[in-house]
Amino acid sequence: MKVIVDQNKCVASGQCVLSAPEVFDQREEDGIVVLLAETPPEQLADDVRQAVALCPAQAIWVEEEEKKE
């Protein structure tokens with residue numbers, strides 16, 4: 000999983016931080032999202048997906064890695 004953030008779209012709602020504080024933070028001066036972990040550990044995957052779903056600006060998305068067999 001790779002997390003991608005478009006800071007230009009961010010509306011500083013903070014929903015991502017509430018969903019996955021280990022992965023997202025906000026800048027103090029304007030509340031814009033800051034990505035803390037571009038490739039978060041697997042145990043945080045559900046939290047990250049929840050953050051993506053809750054983002055009102057659709058400023059966050061995930062690229063899933065294909066499983067190698």
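The sequence shown begins at 0 in numbering that gives the first Met the number 0 and counts up one residue at a time.
By construction, the Cβ of each residue, glycine as well, lies at the ideal position given by its N, Cα and C atoms.
Just so we're clear, the structure is a prediction, and the values are computed from it rather than from any experiment.
In the DSSP annotation of this structure, the continuous segment of the beta strand (DSSP E) that includes Gln25 starts and ends at 23-25. A distance of 8 Å or more separates the beta carbons of Ala11 and Val47. From the listed residues Glu65, Gln6, Pro40, the smallest Cα separation to Ala58 is found for Gln6. Here Val2 is not near Pro55, since their CB atoms are 8 Å or more apart.
Annotation for Asp29: Ala11 place their beta carbon closer than 8 Å to its own, counting only its chain and skipping 5 residues before and after. According to the DSSP secondary-structure assignment, Lys1 is paired through a beta bridge with Glu62.
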